[in-house]
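S.K.:
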Amino acid sequence: DPENQEVLLTVSELHLQGGQFFESVQTLNRAAQLAASEDAGKAIFLYEKILKVDPENIDGMAALAELYARQKMDARAQEYHFKAGKKFFEKGNFVKSYMHLSTVTQQDPANRAANMMILQTLIRLSDFDEALVHWQSMSRGDHETDPELLRYKADILM
């Protein structure tokens, strides 16, 4: 039964025991998607399990970010929004990267790592006007002469 979470978990475990990691993750992902609408706690457990089998699973990271946010577990949500944003950036999906990273900076405007990645993302998206606004907001005070930020200004203005 493709809708039975317990069956899916058993099938996933069998795939894992047989060395079929991709199939295991796919089956776990299906179970987690089903659980997400009914039981966020169970869905979190399943997505965490997915990341143990496949630590680079972007969809699992993104799902955990949303599930933790729904559960008001803000620190964990931020952690997974950042991980997903970074991974989407590495994969070249700059729109999704921006979406996750901006969620991080909404909660923590001083998060330098997320802000720097947003700046890089905006440059890659050729959104130079928004990149300049973001750069200016980051370059205030002690950061006016930050060498890394100055390099990005050159990229924005070229």
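The numbering used here puts the first residue of the sequence shown at 231, with every later residue one more than the last.
Cβ coordinates follow ideal geometry from the N, Cα and C atoms, glycine included.
No experiment lies behind these values; they were computed from the predicted model shown.
Can you grab the Cα-Cα spacing for the pair Gln366 / Ala295, in whole Å?
M.R.: 28 Å
S.K.: In the structure shown, what three-state DSSP assignment does Lys326 receive?
M.R.: The DSSP-derived three-state label of Lys326 is helix.
S.K.: Could you name the residues of the same chain whose beta carbon sits closer than 7 Å to that of Ile348, not counting the 5 residues immediately before and after it, in chain order?
M.R.: Tyr328, Leu331, Ser332, Thr335 and His364
S.K.: Where do the ends of the alpha helix (DSSP H) carrying Leu281 lie?
M.R.: Ala270 to Val283
S.K.: Give me the Cα-Cα distance between Ala273 and Gln337, rounded to the nearest whole angstrom.
M.R.: About 24 Å.
S.K.: Helix, strand or coil for Asp338? Go by DSSP, reduced to three states.
M.R.: coil
S.K.: Is DSSP giving Lys313 helix, strand or coil here?
M.R.: helix
S.K.: Let me know if Lys317 comes out buried or exposed under the rule of 16 or more other beta-carbons within 10 Å of its beta-carbon.
M.R.: By the C-beta density criterion, Lys317 is buried, having at least 16 other C-beta atoms within 10 angstroms.
S.K.: Reducing DSSP to helix, strand and coil, say where Ser369 ends up.
M.R.: coil
S.K.: So, under 8 Å CB-CB, Ala265 and Gln235 are touching, yes? Tell me the CB distance rounded to an integer number of Å.
M.R.: 6 Å
S.K.: Please classify Leu264: does DSSP put it in a helix, a strand, or coil?
M.R.: In the three-state DSSP reduction, Leu264 falls in the helix class (H, G or I).
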